[in-house]
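Input: a single structure, listed below in structure tokens.
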Amino acid sequence: MGIFSILGHFFNVEIDSMFITAILTIIGFSVHDTIVVYDRIREKVIKDGVDNFEKLVNKSLLETLSRSVNTSLTVILTLLILFLFGGESIKIFVLALLVGIATGTYSSIFVASALLVDSFKFKGKLKTKNA
Numbered sequence: 001m002g003i004f005s006i007l008g009h010f011f012n013v014e015i016d017s018m019f020i021t022a023i024l025t026i027i028g029f030s031v032h033d034t035i036v037v038y039d040r041i042r043e044k045v046i047k048d049g050v051d052n053f054e055k056l057v058n059k060s061l062l063e064t065l066s067r068s069v070n071t072s073l074t075v076i077l078t079l080l081i082l083f084l085f086g087g088e089s090i091k092i093f094v095l096a097l098l099v100g101i102a103t104g105t106y107s108s109i110f111v112a113s114a115l116l117v118d119s120f121k122f123k124g125k126l127k128t129k130n131a
């Protein structure tokens, strides 16, 4: 949204229904990617237990990293082709998807997992304080 605010200010890019569609698509893509990572973490917790949660999350991330990156690169390659050879009417839509898929992939791999580890640590500290 911030990038498109700047583009709107300098290049008269409008936020229309295509932009909203792109945002909803990005949210869906990012949530799906995050679910894949979290599901792998859940599988590892059930299989291996929770001796060292940070290492478990790191292993799970390494196992899903290639899948996440390959999926995103495939989509980004397709979007780049659409941006270069597609019509003017979909350029803003494709640009929004390009920016969103890149940031969504980053957030689902690096931000979501770090938040999960931090919340796990915080929950452990709360249990120690209350005990």
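In terms of our numbering, the sequence shown has 37 at position 37, counting the first letter as 1, and numbering is strictly consecutive.
Just so it is clear, CB atoms sit at the ideal spot from N, CA and C, and this is done for glycine as well.
Check this for me: beta carbons of residue i and residue j, under 8 Å apart or not?
i, j, result
"Ser17", "Ser107", "no"
"Arg40", "Glu63", "yes"
"Val37", "Ile109", "yes"
"Asp33", "Thr105", "yes"
"Phe19", "Val117", "no"
Straight-line CA distance for residue i to residue j?
i, j, result
"Ile76", "Ile35", "20 Å"
"Val111", "Ser66", "17 Å"
"Ile15", "Ser72", "24 Å"
"Ala22", "Thr74", "17 Å"
"Phe122", "Ala102", "29 Å"
"Val69", "Leu79", "15 Å"
"Leu115", "Gly2", "23 Å"
"Phe10", "Ser113", "36 Å"
"Asn12", "Glu88", "14 Å"
"Lys132", "Ser119", "Since the first and last residues shown for the chain are 1 and 131, residue 132 lies out of range."
"Gly86", "Ser5", "23 Å"
"Leu143", "Gly8", "No statement about residue 143 is possible, as the shown extent of the chain runs from 1 to 131 and does not include it."
"Val50", "Thr128", "17 Å"
Query raised in the report: Quick check: the segment 51-64 against the segment 73-92, are there 3 or more CB pairs under 8 Å?
Result: no
Query raised in the report: Within the chosen definition, does the segment 23-38 reach the segment 97-107 through at least 3 CB pairs nearer than 8 Å?
Result: yes
Report task. Could you tell me which uninterrupted alpha helix (DSSP H) segments, each at least 4 residues in length, are contained entirely in the segment 48-86, listed from first to last along the chain? Result -> 53-85
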